[in-house]
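Comments concern the structure below.
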Amino acid sequence: MGKVFDEEIITLKADFMKLGALVGEAVNSAGQAFVDHDTEKANAVITNDHDINHLQIHIEKRSFEMIALYQPVTGDLREVVGILKAVTDLERAGDHARNVARSVVEIKGKQRIASVEEIIATMAQEVSEQYDDSIESYGDADKDKAKKTAQLYDKKIDQLYNDIASPSYQAMAKNPEIVSSAIIYLNVAKDLGRVSDYSTNICEWTVYLATGKIIELN
Amino acid sequence: MQNTTELNNKPKRFIYDFNPEETEITMETKNLEIYYGKSLAMQNADLKFEKNTITALIGPSGSGKSTFLRSLNRMNDGIATVKGEILYQGVNINQPKIDVYEVRRRIGMVFQRPNPFAKSIYDNVTFALQRRGVHDKKTLDRVVETTLKQAAVWDQVKDSLNKSALSLSGGQAQRVCIARALAVQPDVLLLDEPASALDPVSTQQLEATLRELKKDYTIIIVTHNMQQAARLSDYTVFFNMGEAIEYNKTRKVFTRPKVQMTDDYVSGNFG
Chain H
1 MGKVFDEEII
11 TLKADFMKLG
21 ALVGEAVNSA
31 GQAFVDHDTE
41 KANAVITNDH
51 DINHLQIHIE
61 KRSFEMIALY
71 QPVTGDLREV
81 VGILKAVTDL
91 ERAGDHARNV
101 ARSVVEIKGK
111 QRIASVEEII
121 ATMAQEVSEQ
131 YDDSIESYGD
141 ADKDKAKKTA
151 QLYDKKIDQL
161 YNDIASPSYQ
171 AMAKNPEIVS
181 SAIIYLNVAK
191 DLGRVSDYST
201 NICEWTVYLA
211 TGKIIELN
Chain A
1 MQNTTELNNK
11 PKRFIYDFNP
21 EETEITMETK
31 NLEIYYGKSL
41 AMQNADLKFE
51 KNTITALIGP
61 SGSGKSTFLR
71 SLNRMNDGIA
81 TVKGEILYQG
91 VNINQPKIDV
101 YEVRRRIGMV
111 FQRPNPFAKS
121 IYDNVTFALQ
131 RRGVHDKKTL
141 DRVVETTLKQ
151 AAVWDQVKDS
161 LNKSALSLSG
171 GQAQRVCIAR
181 ALAVQPDVLL
191 LDEPASALDP
201 VSTQQLEATL
211 RELKKDYTII
221 IVTHNMQQAA
231 RLSDYTVFFN
241 MGEAIEYNKT
251 RKVFTRPKVQ
261 MTDDYVSGNF
271 G
């Protein structure tokens with residue numbers, strides 16, 4: 001493919017990685033905000049979600065144009081299609097980070113369970129690391145790292161979800177006062193779990209980008 | 001499938017409107033009507049061409065795109081009757097009192113098939129200048145080197161400038177023809193399907209050459225190859241049945257054209 005396509009794909013990928021960084025920041029900040037009960041930080045995540053959405057639309061538009069104008073094939077096609085698919089996963093991961101941020105605002109002033117919040121802190125940390133590794137593997141088109149990342153976190157994240165869910169259910173059964181907080185914990189755990197799933201999707205698109213094979217990791 | 005309301009809402013023609021304050025227009029056509037004998041071959045093509053851009057003219061055979069292109073430097077003189085105005089830098093060049101050779105010096109043409117003269121590469125490039133009485137060896141040498149470099153063929157032919165241009169490959173010959181057109185320092189370069197006789201690699205080199213050249217020239221190119229129009233040009237005009245149907249930025253024409261007929265043509269559902 002010609003020089004113009006090569007230049008445009010570099011720009012497109014740079015935009016994609018920028019979006020990846022924005023979402024990564026949102027995931028990390030939202031987790032931190034929840035742990036620190038920091039509503040200011042949470043509100044910043046909620047506001048920044050608009051930037052994420054705008055950039056996503058811009059990347060999609062450019063990808064469509066590149067397919068229409070250059071009709072790329074083989075590796076070039078995978079570059080564009082990979083971004084077009086993975087960009088949706090990024091945007092959705094960003095939406096779940098925003099949900100976590102909303103929960104920070106929602107739980108303010110409610111009764112808390114410190115032991116559950118500790119596990120949420122661990123899960124947020126793990127999910128954030130998984131996300132960063134996934135994006136890095138995409139940036140480097142590193143299929144081995146992608147596979148390793150998906151495998152490394154899969155069971156760990158499931159376990160952490162259960163570690164949050166069971167005490168939350170138990171607490172609800174014992175004490176009606178805690179119900180609204182426990183529901184928020186369940187939602188946060190679910191949102192973090194979804195971010196983890198989208199990170200796995202990004203790893204799958206990394207494998208596609210590097211090999212052309214569409215596979216299911218986990 | 002689009003519903004009927006949506007189809008009815010689409011315009012029948014769309015011609016891009018340049019913002020005159022932001023754009024420098026090199027050429028413009030107004031009320032152009034081109035007749036072969038008594039039959040009207042081309043009308044409704046009031047178009048403007050922006051300086052230092054590539055505009056692609058696309059459309060089916062017989063749509064009038066080549067007729068239109070050839071009228072821009074009066075190649076249709078003696079073949080067709082051209083009515084209306086062709087403005088080059090604001091001057092109507094479609095008048096008998098305008099020197100047609102001067103027009104063609106400013107507005108050069110490269111044809112479908114590479115057509116080098118049966119002379120050396122050097123003489124091909126300097127032909128027009130020598131005819132105009134330029135014989136200074138230094139000047140001619142400089143022109144040969146500059147234009148062959150601009151046409152991205154210098155490295156391949158610099159050691160064989162005295163060889164016959166007929167010995168060149170199609171791609172090289174076409175680029176020597178571009179150098180020949182550039183030797184008289186035109187402003188505008190018209191190309192009539194310049195890559196249709198070339199293989200994919202030569203085509204790619206030619207496209208890269210044109211992309212470089214647009215920094216200094218205004219380029220208008222007729223092409224049957226829609227992908228070429230899509231990847232190469234800044235603006236695209238779609239012609240059909242002797243009319244300009246849609247003129248817009250290339251990105252728009254190939255992603256969301258305004259006119260249904262353009263949509264059908266570029267997506268291959270035409271007819």
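These protein sequence lines are chains H and A, in that order.
Read in UniProt numbering, the first sequence has 1 at position 1, and its numbers run on one by one without any break.
Read in UniProt numbering, the second sequence has 131 at position 131, and its numbers run on one by one without any break.
Just so you know, even glycine gets a beta-carbon here, dropped at the ideal spot from N, CA and C.
Quick caveat: nothing in here was measured; it's all calculated off a predicted structure.
- Residues of the UniProt domain "PhoU" (17-104) of chain H whose Cβ lies closer than 8 angstroms to any Cβ of chain A, in chain order: Phe64, Glu65, Ala68, Leu69, Tyr70, Gln71.
- Around the beta carbon of A:Gly108, a 10 Å sphere encloses 16 or more other beta carbons of the protein chains shown; the residue is thus reported as buried.
- The beta carbon of A:Arg175 sits no closer than 8 angstroms to any beta carbon of chain H.
- Exclusion of the five residues before and after H:Ala150 leaves Thr200, Cys203, Leu217, Asn218 as the residues of its chain whose Cβ lies within less than 7 angstroms of its Cβ.
- Counting other Cβ atoms within 10 Å of its Cβ, H:Asn48 reaches 16 or more and is therefore classed as buried.
- By the Cβ neighbour-count rule, A:Ser202 is buried, with 16 or more other Cβ atoms within 10 Å of its own.
- Look at the segment 24-83 of chain A and you find these whole runs of beta strand (DSSP E), each 3 residues long or longer: 25-36, 39-42, 48-50, 54-58.
- A:Phe254 has a beta carbon lying within less than 8 angstroms of a beta carbon in chain H.
- Taking CB atoms only, A:Gln260 has no neighbour in chain H less than 8 angstroms away.
- Between the C-alpha atoms of H:Tyr198 and H:Lys145 there is a straight-line separation of about 16 angstroms.
- Looking at A:Glu102, A:Tyr235, A:Thr23, A:Glu246, the one whose alpha-carbon comes closest to that of A:Ala45 is A:Glu246.
- One alpha carbon belongs to H:Arg98, the other to A:Thr67, and they sit about 59 angstroms apart.
- Spanning the alpha carbons of A:Gly90 and A:Val82 requires a straight line of approximately 18 angstroms.
- Bounds of the beta strand (DSSP E) holding A:Ile107 are 107-110.
- Assignment of beta-bridge partners to A:Thr218 by DSSP yields A:Val188.
- Only those residues of the segment 184-215 of chain H whose C-beta falls short of 7 angstroms from the nearest C-beta of chain A would be listed, and there are none.
- Taking 8 angstroms as the Cβ-Cβ cut-off, the segment 205-231 of chain A approaches chain H at Glu207, Ala208, Arg211, Gln227, Ala230, Arg231, given in chain order.
- If you draw a straight line from the Cα of A:Val222 to the Cα of A:Ile58, it is about 6 angstroms long.
- In this structure, DSSP gives A:Ser160 a helical state, which the three-state scheme calls helix.
- The continuous alpha helix (DSSP H) containing H:Ala114 extends over residues 114-139.
- The secondary-structure analysis by DSSP pairs A:Ser120 across a beta bridge with A:Ser164.
- A direct Cα-Cα distance of roughly 11 angstroms separates H:Ala189 from H:Gln159.
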